[in-house]
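Below is one structure, written out as structure tokens; the observations come after it.
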Amino acid sequence: MNKRGQVVVEYLLIMVLMVAIAAGLTKKLVGRGEDDSSQGMIIQSWSRMIKVIGNDLPDCATQQNFNTPNCPN
0 MNKRGQVVVE
10 YLLIMVLMVA
20 IAAGLTKKLV
30 GRGEDDSSQG
40 MIIQSWSRMI
50 KVIGNDLPDC
60 ATQQNFNTPN
70 CPN
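Just so it is clear: in the sequence shown, position 1 is 0 by numbering that gives the first Met the number 0, and no numbers are missing.
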């Protein structure tokens with residue numbers, strides 16, 4: 000009888016640990032925040048890709064810098 004209770008307690012402790020790890024990973028990978036430093040890695044990368052695509056001017060073949068939408072002529 001005593002072993003059965005110990006198994007339940009160990010199972011619950013492992014579950015709590017796994018939930019804490021999952022929450023930490025979620026925050027670090029896809030966490031959203033007000034500024035760039037508090038966002039997760041995937042969200043930051045996705046935001047950079049969207050900005051580069053948005054700054055790519057379709058009729059400017061000489062554009063080298065995609066951080067700003069300008070076309071050097």
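Heads up, the beta-carbon is just placed ideally off N, CA and C, and yes, glycines get one too.
Status (buried if at least 16 other CB within 10 Å, exposed otherwise) for residue i
i   : result
Q63 : exposed
Q38 : buried
Distance, residue j Cα to residue i Cα
i   : j   : result
I13 : F65 : 47 Å
R31 : A22 : 13 Å
T61 : M48 : 20 Å
I52 : L24 : 28 Å
S46 : L11 : 38 Å
V7  : Q43 : 40 Å
K50 : E9  : 47 Å
Collapsed DSSP secondary structure at residue i in the structure displayed
i   : result
A60 : coil
R3  : helix
N54 : helix
R78 : What the structure shows of the chain is the stretch from 0 to 72, and residue 78 is not part of that stretch, so it cannot be assessed.
T25 : helix
E33 : coil
8 Å contact criterion, which residue i and residue j should meet: CB distance rounded
i   : j   : result
N54 : P71 : That pair is no contact at about 13 Å.
L28 : M40 : 6 Å
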